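Engineer: Would you mind keeping the following structure in view while I ask a few things?
Numbering (full-length UniProt numbering), first residue to last: 1 to 279.
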C-alpha cells in the first residue's frame with residue numbers, strides 16, 4: 001500500500017520520449033530509465049498492510065507534490081500527447097511497483113494492467129492533470145470523438161468535485177486495477193497481446209481468487225480511511241459510485257485521441273505490456 005504514494009515523485013522524474021516513435025519501441029538496455037524500487041518488504045497486499053500504510057508509513061504524503069507534473073503552456077496537439085504519454089508511463093511503473101508486493105504471476109499482472117489501463121489513465125489525469133483537455137486532438141468532423149471528449153471532461157470533473165486526497169486516489173487506483181481483471185470480458189486475439197493462454201473461456205486470470213482478495217482489501221482500506229471522518233460512509237459510497245464513470249470514455253477513443261499519432265496501428269495494449277516487461 002505504501003507503494004501507492006510513490007507516483008508524485010515518479011511523475012517528477014519521468015521524462016517523455018524525445019521522439020514520438022520511442023513510445024512504440026522496446027527500450028534498449030543502455031537507455032536511461034526511471035529507477036524502479038525493489039519489492040515491498042511485505043509478501044502480499046493483505047488487509048494489515050493496507051492499514052499500516054494508511055496510518056502513514058515511510059513516505060508522508062505531500063499534497064503539493066500532486067501537481068509536480070509541469071503543465072506545458074502551449075496547448076497544442078503535440079503537448080497534449082506528450083502529457084498523455086507521461087501519464088501512461090506513470091501508470092505502468094506504478095502498477096509494476098504495486099505488483100512487486102503480491103504473489104500474482106506475471107500473466108495475471110499483465111492481464112490486470114491490460115484490462116484497467118483506460119480507467120487508470122483517467123484517474124491519473126484527474127489526479128495529476130485535472131485540466132487536461134483533448135479538444136486540440138479532435139479531427140475535423142469527428143462527431144463521435146467529440147462526444148467522447150465531453151465525457152472525458154465530465155469524468156475528470158466528477159472526481160475533482162469530490163476533492164480526493166492522495167490516499168483516496170491510491171485506494172481507488174488499487175480497486176480499479178484489481179476489479180478490472182475480474183470484470184473484463186475476454187479480448188479478441190488481435191487486441192490481447194499480453195496473456196494469450198487463458199485458463200478458461202470465462203476468465204483470463206490464472207488466480208482470480210487472489211485478485212478478488214486484493215480488490216476486497218483495497219476496498220476495506222478505503223473504508224477504514226474514511227471511517228473516522230464525518231459522513232465517511234456516505235463518502236465511501238459516493239466514491240464507489242464514481243467508478244462506473246471511468247468506463248464512460250471508451251478505450252478506443254483514448255487510444256485514437258492521445259496515442260494514434262505516435263503508435264500507428266499497433267494496439268495500445270501491446271505497447272503497455274512491452275513497457276511493463278521492460279520496467
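The beta carbon of each residue, even a glycine, is placed where N, CA and C say it ideally should be.
These numbers come from a predicted model, not from an experiment.
(1) What residue does the alpha helix (DSSP H) around residue 300 start on, and which one ends it?
(2) So the candidates are 170, 254 and 278; which of them puts its Cα closest to the Cα of residue 267?
(3) If you draw a straight line from the C-alpha of residue 151 to the C-alpha of residue 236, how long is it?
(4) Looking at residue 181: is its Cβ nearer than 8 Å to the Cβ of residue 115?
(5) Going by the beta-carbon positions, is the gap between residue 239 and residue 162 smaller than 8 Å?
(6) Quick check on this structure: which residue in 137, 110 and 168 has the alpha carbon closest to the alpha carbon of residue 99?
(7) From residue 265 to residue 225, what distance separates their C-alpha atoms?
(8) For residue 176 and residue 241, what's the separation of their Cα atoms in angstroms?
(9) Check residue 116 in the structure and name its three-state DSSP category.
(10) Do the CB positions of residue 221 and residue 171 come within less than 8 Å of each other?
(11) Can you check the region 85–131 for any alpha helix (DSSP H) of at least 4 residues that lies completely inside it and give the ranges in chain order?
(12) To the nearest angstrom, how far is it from the Cα of residue 85 to the Cα of residue 263?
Structural biologist: Straight from the coordinates:
(1) What is shown of the chain runs 1 to 279, which leaves residue 300 out entirely.
(2) Along the chain shown, one-based indexing puts residue 267 at 267. Comparing Cα positions, the closest option is 254.
(3) Translated into the one-based positions of the chain shown, residue 151 becomes position 151. Translated into the one-based positions of the chain shown, residue 236 becomes position 236. A straight-line Cα-Cα distance of about 23 Å links residue 151 and residue 236.
(4) Position 181 of the chain shown, counted from the start, is the residue given in the question as residue 181. Position 115 of the chain shown, counted from the start, is the residue given in the question as residue 115. Result yes, Cβ atoms of residue 181 and residue 115 sit closer than 8 Å.
(5) Within the chain shown, residue 239 is the residue found at index 239, counting from 1. Within the chain shown, residue 162 is the residue found at index 162, counting from 1. It is a contact, given that the beta carbons lie within the stated cut-off.
(6) Residue 99 sits at position 99 when you count from the first residue of the chain shown. Nearest Cα to residue 99 within the set 137, 110 and 168: 110.
(7) As a working note, residue 265 is residue 265 in the chain shown. As a working note, residue 225 is residue 225 in the chain shown. Computed Cα separation, rounded: 43 Å.
(8) What you label residue 176 is simply residue 176 of the chain shown in a count that begins at 1. What you label residue 241 is simply residue 241 of the chain shown in a count that begins at 1. Their backbone Cα atoms lie some 12 Å apart in a straight line.
(9) Position 116 of the chain shown, counted from the start, is the residue given in the question as residue 116. In the structure shown, residue 116 sits in a helix (DSSP, three-state: H, G or I).
(10) By 1-based counting over the chain shown, the position of residue 221 is 221. By 1-based counting over the chain shown, the position of residue 171 is 171. Contact annotation: residue 221 and residue 171 have beta-carbon atoms nearer than 8 Å.
(11) If we require 4 residues or more, the alpha helix (DSSP H) runs fully inside the region 85–131 come out as 106–128.
(12) Along the chain shown, read from residue 1 onward, the residue named residue 85 stands at position 85. Along the chain shown, read from residue 1 onward, the residue named residue 263 stands at position 263. Straight-line Cα distance between these residues: approximately 11 Å.
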